[in-house]
Amino acid sequence: MEALLDRLKTRFGVFDFEQKKTYQSFCSVDKLSLVSLVTYLKATEGFKVLVLISVVDWIEDGKFQITYLLNNPELKTDIGIRTFISRDNEEMESIHDLWEHAPTFQREIREMYGINFPGSPRVDESFLLEGWDDIPPMRREFDTKKYSEDTFFPRPGRKTNDPAEYMKQKLYPDEK
Amino acid sequence: MMIKDILSPFSAWKKVFDKPVVIKDPINDRPGADRYRGFHKNDIETCIGCGTCEDICENEAIDMIPVEGIETKDGDSGLRPSIDYGRCCWCALCVDICTTTSLTLSNAYNWVEEDPEAYRFTPGVDEKPWQNEEKGWKKPEGNYEFYSLNRVSMEHLHPEERSDSFVEMVKGYSKEQAEKEADRCVECGICTATCPAHMGIPEYIKAIRNDDLEEGLRILYDTNPLPEICGRICTHKCETVCSVGHRGDPISIRWLKRYIADQNPSEKYKQILESESLKKNGKKVAIIGSGPAGLSAAYYLALLGYECTIYEKLSQAGGMMRYGIPEYRLPYDQIDKDINYILSLGVKIVYDTTIGKDIMLEQLEKDNDAVFAGTGLHLGRSTRIDGSDHKDVYQSIEMLRKITQGEEVHVAEKIVVIGGGNVAMDITRSLARLQIQKYGKVQIITTSLETEDIMPADVEEVVESREEGATVMPGWAPQHIEIVDGKIKGLHVAQCLSLFDETGNFNPQCNLENTRFFEGDMVVESIGQGMDLSYLSEDIKEQLEMGPRGRIQVNDVFQTSLPWLFLGGDIIQGPDVIHGIANGHIAARGIDRLLSGE
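These protein sequences, in sequence, are chains A and B. Counting in our numbering, the final residue of the first sequence is number 192, and the numbers go up one at a time with none missing. Counting in our numbering, the final residue of the second sequence is number 691, and the numbers go up one at a time with none missing.
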């Protein structure tokens with residue numbers, strides 16, 4: 017892994033390298049170098065399998081983190097490549113031409129976080145959320161509780177009690 | 094065709110005796126995975142009904158409902174979570190935040206009923222087939238926490254820095270520390286019922302989180318006009334029921350209260366608490382004693398427009414807070430900060446005036462519309478063992494008072510203290526400081542009937558006494574004081590086996606075979622205090638209805654059978670500061686109800 021890292025550093029300028037387990041490492045790379053890096057890893061370093069693409073919303077920093085997890089079946093090793101994009105310009109270059117199932121991940125991310133992957137097949141079709149008309153629900157500014165309150169009707173017969181208020185009624189009802 | 098292609102179908106045969114990974118009858122037999130998040134389970138004996146699960150649920154799937162057979166009591170709301178599976182999304186946030194870990198998910202997920210109402214039930218109360226299922230989702234131990242289990246530690250002066258001085262030893266939280274500690278609160282409000290004054294604890298902790306300390310001060314004064322004092326020496330019963338305390342350290346409620354009071358300068362109190370112009374209603378109330386009960390009654394009555402005059406026997410205000418609690422725990426300037434604000438509202442104090450001697454109670458009744466007495470427990474009790482009438486046997490409460498007044502007290506080289514409460518620790522630690530000043534070393538043995546596990550003193554008091562060089566020996570009953578040639582030699586004790594008999598009466602049993610001798614030149618008794626009711630004339634006493642154990646009977650607003658006379662504080666409930674404050678507050682409302690004719 018050390019030797020691989022050296023090659024990646026020189027060619028693509030990767031940073032924040034972390035070996036989490038013997039078979040799993042992570043590193044970060046600039047948004048513009050991401051596609052050439054994964055292309056290189058697939059073609060030259062044996063990381064032939066795209067395991068998944070995931071996203072974290074770092075709303076406080078104004079960024080989305082996209083992680084591409086690749087696997088090398090020969091070495092039984094994973095590498096996770098992290099890249100950060102601005103929340104104001106939520107667009108990422110597509111890798112649909114590298115793996116057949118990449119468009120499915122990209123379509124899901126488009127729906128859940130609103131990140132666009134121009135050119136990715138069927139990227140604008142709904143994935144899980146048919147008929148969704150709100151902001152993408154995995155973005156942190158999405159208020160899940162408010163959405164539940166507004167969307168789902170209250171079931172008749174439900175009643176709740178605030179613990180502190182209930183204890184007051186039971187234990188010291190006469191005090192103001 | 095290669096040889097490998099011919100052989101490969103047969104290689105599958107080597108798996109024939111392996112355990113199959115597929116399920117034989119997937120229509121009927123579909124177990125969830127070991128950590129599958131299925132229907133809820135709740136251990137209702139462990140659950141305290143704090144409602145944190147309901148608060149965190151993003152789908153509003155949880156209601157807190159009363160359950161038959163579960164009593165509402167200190168530390169338990171008596172409510173239990175009921176789940177609406179029309180809304181639950183099995184995210185398990187409720188399990189991960191659960192303060193007692195009573196709530197878990199089983200791995201059962203397939204359950205068919207025709208009645209949709211069946212999908213709303215109370216786990217652990219409504220019988221379900223999966224309620225004893227071991228498999229399912231539990232919060233993983235030591236992996237992640239939604240709130241810190243460890244309290245932000247409070248800085249103290251080191252024992253060597255504090256053992257010879259009366260400087261305040263607890264340093265108080267910084268802004269960063271207080272906000273971090275406040276962040277641990279889950280806002281369940283279970284603590285509020287246990288606090289004798291029912292303070293708005295989650296609300297003022299929230300004010301710290303929002304860095305709105307003026308709002309925090311307003312919340313404190315709603316129920317407690319002595320926050321600097323309580324922020325230091327309150328018995329903090331609230332912390333004993335804190336829901337966060339079930340898995341970790343309870344929230345430092347007391348130190349957070351002190352933080353709010355410390356951060357607000359006294360000059361701004363009137364503006365913050367909007368008390369710059371209070372309307373007078375022309376009615377007068379006399380208050381006997383300037384301890385917590387009297388001050389609290391005076392404060393709330395002054396807010397309602399009453400003209401209050403406090404009569405104090407000693408030359409300074411504060412009662413037991415000033416004369417009973419040593420300065421290293423409660424500095425005098427902090428007592429003054431709380432009291433001066435109350436005085437700034439127009440409350441008057443007449444010092445050095447004993448009711449029943451300088452002014453008669455009957456006179457107070459004549460001159461005022463009502464009287465409140467919070468006279469406290471200021472008489473020391475004696476063990477009455479042989480030798481306890483010797484001149485070098487002292488009462489802790491009198492010694493503490495003299496130390497506050499700056500009078501010289503007798504400090505022997507070797508001292509034995511009898512008592513296991515906070516007052517015993519206070520006198521132990523005060524005398525230890527004086528011994529260091531006088532002899533350069535501490536030689537004090539403090540002994541109590543109670544064993545260590547049931548000593549009434551706060552644990553930190555015992556720990557700190559030991560840090561300061563005192564020897565604390567719990568579980569010994571004093572037998573007699575040995576006197577040779579008119580001088581005390583020490584205290585003989587026997588092992589104490591039990592304190593109460595079967596009927597619950599105080600009746601200590603000793604093992605006289607197992608005895609010890611604690612050497613000392615003086616003995617201090619600190620086994621409790623009694624009340625001095627000499628201000629009540631015989632005539633008044635005759636008219637007062639008495640309650641159990643020699644206490645005067647009062648109603649729910651602390652009114653005696655003489656409608657104009659209200660009593661509160663240690664003589665009625667407690668003894669501690671916070672009960673006094675609560676009693677004074679309720680009595681103020683009772684007096685207002687009486688005088689406004691409501």
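From the three backbone atoms N, C-alpha and C, an ideal C-beta is built for every residue, glycine too.
Report the neighbours of residue i on chain B: residues whose CB is nearer than 9 Å to its CB, in chain order.
i: A/Lys161; result: Cys150, Glu151, Asn152, Glu153
i: A/Phe168; result: Asn152, Glu153, Gly179, Arg180
Considering only the alpha carbon of each residue, which of the options lies closest to residue i?
i: A/Met128; options: A/Lys161, A/Glu106, A/Phe63; result: A/Glu106
i: B/Leu198; options: B/Glu210, B/Pro209, B/Lys221, B/Gln456; result: B/Lys221
i: B/Gln483; options: B/Ser256, B/Leu584, B/Glu420; result: The displayed chain sequence assigns His, not Gln, to residue 483 of chain B. B/His483 has its Cα closest to that of B/Leu584, out of B/Ser256, B/Leu584, B/Glu420.
i: B/Ser689; options: B/Asn374, B/Met639, B/Asp118; result: B/Asn374
i: A/Thr99; options: A/Pro172, A/Glu157, A/Leu48, A/Gly173; result: A/Leu48
i: B/Gly265; options: B/Val279, B/Arg277, B/Glu248, B/Ser630; result: B/Glu248
i: B/Glu631; options: B/Ala517, B/Leu454, B/Ile664; result: B/Leu454
i: B/Thr447; options: B/Asp169, B/Asp136, B/Ile381; result: B/Ile381
i: B/Ser359; options: B/Thr328, B/Thr333, B/Gly384, B/Leu319; result: B/Leu319
If we ignore side chains and look at the alpha-carbon of each, how far apart do residue i and residue j end up?
i: B/Glu369; j: B/Ala286; result: 32 Å
i: B/Gly162; j: B/Asp219; result: 13 Å
i: A/Arg134; j: A/Val72; result: According to the sequence as given, residue 134 of chain A is Pro; it is not Arg. Looking at the two C-alpha atoms, the distance is approximately 20 Å.
i: B/Ser735; j: B/Val670; result: Nothing can be reported for residue 735 of chain B, as the shown portion of chain B is limited to 94 through 691.
i: B/Glu420; j: B/Leu524; result: 13 Å
i: B/Gln530; j: B/Gln427; result: 25 Å
i: B/Thr521; j: B/Ile301; result: 36 Å
i: B/Thr145; j: B/Met548; result: 33 Å
i: B/Tyr317; j: B/Leu388; result: Looking at the sequence shown, residue 317 of chain B is not Tyr but Asn. Each residue's alpha carbon lies about 10 Å from the other.
i: A/Lys161; j: B/Glu274; result: 27 Å
i: B/Phe610; j: B/Lys377; result: 57 Å
i: B/Phe465; j: B/Ile645; result: 13 Å
i: B/Gln488; j: B/Glu691; result: 46 Å
i: B/Leu592; j: B/Asp208; result: 58 Å
Check the Cβ of residue i against every Cβ in chain A and list those closer than 7 Å, keeping chain order.
i: B/Arg686; result: Per Cβ cutoff of 7 Å: no residues; B/Arg686 is ~11 Å from chain A at best.
i: B/Glu147; result: Thr176
i: B/Asp649; result: Asp190
I need the DSSP call for residue i, collapsed to helix, strand or coil.
i: A/Lys37; result: strand
i: B/Thr564; result: strand
i: B/Ser523; result: helix
i: B/Ser481; result: coil
i: A/Lys161; result: helix
i: B/Arg173; result: strand
i: B/Phe611; result: strand
i: B/Lys441; result: strand
i: B/Gln588; result: strand
i: B/Gly694; result: The structure shown does not extend to residue 694 of chain B, since chain B spans only 94 to 691, so no value can be given for it.
i: B/His672; result: helix
i: B/Lys221; result: coil
i: B/Trp657; result: coil
i: B/Phe110; result: coil
i: B/Met639; result: strand
i: B/Val263; result: strand
So is residue i in contact with chain A if we call contact Cβ pairs under 8 Å?
i: B/Cys143; result: yes
i: B/Arg477; result: no
i: B/Ser389; result: no
i: B/Cys603; result: no
i: B/Ile283; result: yes
i: B/Leu172; result: yes
i: B/Ile346; result: no
i: B/Ile176; result: no
i: B/Asp189; result: no
i: B/Ile679; result: yes
Quick one: which chain A residues come within Cβ less than 8 Å of residue i?
i: B/His291; result: Lys184, Tyr188, Glu191
i: B/Ala286; result: Ala180, Met183, Lys184, Leu187, Tyr188
i: B/Thr165; result: Tyr182, Met183, Lys186, Leu187
i: B/Met157; result: Thr176, Asn177, Asp178, Pro179, Tyr182
Quick check on residue i - is its C-beta less than 8 Å from some C-beta in chain B?
i: A/Thr176; result: yes
i: A/Arg171; result: yes
Under 8 Å between beta-carbons, which chain B residues line up against residue i? List them in chain order, please.
i: A/Ser164; result: Glu151, Asn152, Glu153, Arg180
For a contact meaning CB atoms closer than 9 Å, what does residue i contact in chain A?
i: B/Thr215; result: Here the premise fails: no neighbours, minimum Cβ distance about 12 Å.
i: B/Thr139; result: The contacting residues do not exist; B/Thr139 stays about 16 Å from chain A at best.
i: B/Thr193; result: Within chain A, no residue comes near B/Thr193; the closest Cβ sits about 13 Å away, beyond 9 Å.
i: B/Ile298; result: Within 9 Å Cβ-Cβ: nothing; B/Ile298 doesn't reach chain A, min ~13 Å.
If the cut is a Cβ gap below 7 Å, which residues of chain B does residue i touch?
i: A/Phe121; result: Residues of chain B passing the Cβ test: none, with the nearest at roughly 22 Å.
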